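To get the numbering used here, take the position in the sequence shown, counting from 1, and add 7. Notes follow once the structure below has been shown.
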Amino acid sequence: MPSSVHERHPPAPVVRERRRAASSWEHSRDDAAYQEVFEAGWFIVPEAQGRGAGSAALTLLIDDARAHADGRRLLTAFPDENNAPSNALCRNTGFTLTGQRADVFRAATLMMNEWVFDLQS
8 MPSSVHERHP
18 PAPVVRERRR
28 AASSWEHSRD
38 DAAYQEVFEA
48 GWFIVPEAQG
58 RGAGSAALTL
68 LIDDARAHAD
78 GRRLLTAFPD
88 ENNAPSNALC
98 RNTGFTLTGQ
108 RADVFRAATL
118 MMNEWVFDLQ
128 S
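So this is what it looks like as structure tokens:
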């Protein structure tokens, strides 16, 4: 299992619908590439799915990551390989699929797609 160092930042832009959060982000170190990156993670509550909340939140998050890049070039995301909506969100927002990786979460092995967004593009 890859190791990461996580440091939470102040709250990132959040799109709210009926007072529920739609996104979050954190800073982590990509040990494989030895570079500092941002990692995006999100959830969309069922009643907000398919209504643009994810696209709006990820667009705000990209803008915020660019504004606070501090030398970081990449924003990464790791949705489950079978999570079609989250993978489509990455693809439609300009991320590039770079591969897959396995990780253990709560004693279960998850297969995730690895998406990368170049903050300098």
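Here a beta-carbon is modelled for each residue, glycine too, at the ideal position from N, C-alpha and C. Fair warning: this is a prediction, and the values are worked out from it, not measured in the lab.
- The alpha helix (DSSP H) runs lying completely inside the region 39 to 125 and spanning 4 residues or more are 60 to 74 and 91 to 99, given in chain order.
- Taking a contact as a CB-CB distance under 8 Å, the pair Leu82 and Phe50 does not count as one, their CB atoms being some 17 Å apart.
- Taking C-beta separations shorter than 7 Å and ignoring five residues to either side along the sequence, the partners of Gln127 in its chain run Arg80, following chain order.
- In this structure, the straight-line span from the alpha carbon of Ala84 to that of Asp77 is close to 19 Å.
- Residue Ala47 holds the alpha-carbon nearest to the alpha-carbon of Gly61 among Ala72, Thr103 and Ala47.
- Here Thr116 has Ala109 and Asp110 as same chain residues with Cβ atoms under 8 Å from its own Cβ, once five neighbours each way along the sequence are excluded.
- Taking Gly106 as the centre and dropping the five residues before and after it, the same chain places the C-beta of Glu121 closer than 7 Å to its C-beta, in chain order.
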